[in-house]
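Step one of this worksheet: look at the structure below.
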Amino acid sequence: MSVAVEEFGSFNGKRVEQFKLRSDTGVEVDIISWGVLVRDWRVPVAGGLRSVVLGYDKFDSYPAHSPYFGSLAGRVANRIKDAKFTLDGKTYQLKTNFVGHTLHGGPEGIGRLVWDGEADSANNAVRFTLDSPDGAMGFPGNVKFTATYTLTGNRLRLDLSAKADRRTPINVVQHQYFNLGTGSDVLDHSYKIDAAAYTELGGPLIPTGAILPVDGTIWDFREGRTMRDAAGKPIDYDGNVVLNTDRRFEDPVAVVTGPDKLLTLKLYTDRPGLQVYNSVTTDVSAEGKHYGNHCGFCLEDQDLPDAVNHPHFPSTIYGPDRDYSHRVDIEIA
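Here our numbering runs 2 ahead of the position in the sequence shown, where the first position is 1.
Spelled out as structure tokens, the structure:
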């Protein structure tokens, strides 16, 4: 099955391409080279195809309005406290873009750059590469990133890798905003996540370093729950759970079912953490669409946030002696 390629726009003088994948089960996924962004993902349901991610039809809407819709986020995803860290005796000051902190790699992170894309029709895949120079957004080292999306049946696989010529932090996440239903919010989806702990947050949404049990908190998804409290009021989510370690990759860490029960999402990952976010701060309008509070849910599989400033978290430092490698599969059927 051939992968269709077309021009989708331009950014800073570089051509932005769209790659269209289609599987033998009728799933269709459109990915653009700006930020390796999953622009649309359509899954067969009774009566036709249903789009399960939030996005836009025109490229210019993304740089102007997108809160990381469908993109990769990094070099280092999530937040870095005070936009700085110390590595091998040297303190690095990063670009800020979140009230004095760094979020998702800074204002020009890898999710806001044009990657080089190459279709692989033999494997129904697309391979993207990006060379990030030493000093980009304040991070040390030249880093070569590779991201490959492969569509098989109802499963979209993402293989991420990076090679750095010196020690540097790396933590890349997929940032799909999902809505498996047809309504304007995702509060009444059913969420089940295999996590018995979470990283405690201080202000503003920065980990304190404490890892706490989920028992009795809003972060306990082990038996399945919606994103409402006992009184039916919406709950805002923007935090990281620590995934259980006694699992195989073949065991999904998250299972989400839409309110009409026609579609279920299963997420598989080799990362230790998962950022659970339900569009708490989203309020964007473009192309006649409005995406508001709780419009989508993100399950960002990741290393633990702000690990560069918490030595007891699993290390996110990579370099000549240690390449970055990360796999996540998402199946929707």
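Using N, Cα and C, we set each Cβ at its ideal position, and we do this for glycine too. Nothing here was measured: the structure is a model prediction, and the numbers come from that model.
Anyone know if the C-beta pair for residue i and residue j falls short of 8 Å?
{"i": "Asn280", "j": "Asp238", "result": "yes"}
{"i": "Tyr151", "j": "Val175", "result": "no"}
{"i": "Arg81", "j": "Ile319", "result": "no"}
{"i": "Val45", "j": "Leu265", "result": "yes"}
{"i": "Thr210", "j": "Pro307", "result": "no"}
{"i": "Pro206", "j": "Val78", "result": "no"}
{"i": "Leu89", "j": "Gly108", "result": "no"}
{"i": "Pro65", "j": "Phe13", "result": "yes"}
{"i": "Gly185", "j": "Pro261", "result": "yes"}
{"i": "Gly111", "j": "Ala85", "result": "no"}
Can you tell me whether residue i is buried or exposed? The criterion is at least 16 other CB atoms within 10 Å of its CB, across all chains shown.
{"i": "Arg17", "result": "exposed"}
{"i": "Ser370", "result": "The chain is shown from 3 up to 335; residue 370 falls before or after that span and cannot be answered."}
{"i": "Asp305", "result": "buried"}
{"i": "Ser68", "result": "buried"}
{"i": "Ser73", "result": "buried"}
{"i": "Ala6", "result": "exposed"}
{"i": "Asp187", "result": "buried"}
Whole-angstrom Cβ separation of residue i and residue j, contact assumed at under 8 Å?
{"i": "Tyr70", "j": "Gly113", "result": "6 Å"}
{"i": "Val255", "j": "Ile332", "result": "About 11 Å; that fails the 8 Å criterion."}
{"i": "Ala166", "j": "Gly143", "result": "4 Å"}
{"i": "Asn156", "j": "Ile334", "result": "6 Å"}
{"i": "Asp325", "j": "Ser192", "result": "That pair is no contact at about 37 Å."}
When every heavy atom of the ligand HEM is checked, does at least one fall within less than 7 Å of the C-beta of residue i?
{"i": "His328", "result": "In the structure shown, the ligand HEM is absent, as is every other ligand, since no ligand is present at all."}
Open item on the list: Does the structure place the region 179-194 close enough to the region 295-313 that three or more beta carbon pairs sit under 8 Å?
Closed with: Here the region 295-313 lies against the region 179-194, with 3 or more beta-carbon pairs under 8 Å apart.
Open item on the list: I want to know whether the region 267-282 touches the region 232-248 - three or more CB-CB distances under 8 Å.
Closed with: A contact exists between the region 267-282 and the region 232-248.
Open item on the list: For a minimum of 4 consecutive residues, which ranges assigned as the alpha helix (DSSP H) are wholly contained in the region 61-99?
Closed with: Listed in chain order, the alpha helix (DSSP H) elements of length 4 or more contained wholly in the region 61-99 are 63-67.
TODO: Evaluate the contact criterion for the region 132-142 versus the region 151-163: three or more CB pairs, one atom per stretch, below 8 Å.
DONE: No, they do not touch.
Task: Every unbroken beta strand (DSSP E) inside the region 284-332 [3 residues or more] - done: Here the runs fully enclosed are 286-288, 291-293 and 300-304.
- [ ] Would you list, in sequence order, the uninterrupted beta strand (DSSP E) runs of no fewer than 3 residues that lie entirely inside the region 104-135?
- [x] Entirely contained in the region 104-135, the beta strand (DSSP E) runs reaching 3 residues are, in chain order, 118-122 and 127-134.
- [ ] Mind the definition here: the region 281-296 touches the region 141-150 only if three or more C-beta pairs lie below 8 Å; say whether that holds.
- [x] Fewer than three beta-carbon pairs drawn from the region 281-296 and the region 141-150 are found closer than 8 Å, and the two stretches are therefore not classed as touching.
Task: Cβ pair count under 8 Å reaching 3, the region 195-206 against the region 215-232 - done: Note that the region 195-206 touches the region 215-232; at least 3 beta-carbon pairs, one per stretch, sit closer than 8 Å.
Open item on the list: Quick check on the DSSP output: what are the complete beta strand (DSSP E) runs of length 3 or more inside the region 190-263, in order along the chain?
Closed with: Taken in chain order, the unbroken stretches of beta strand (DSSP E) that lie wholly in the region 190-263 and span 3 residues or more are 192-195, 197-204, 208-215, 240-245 and 256-259.
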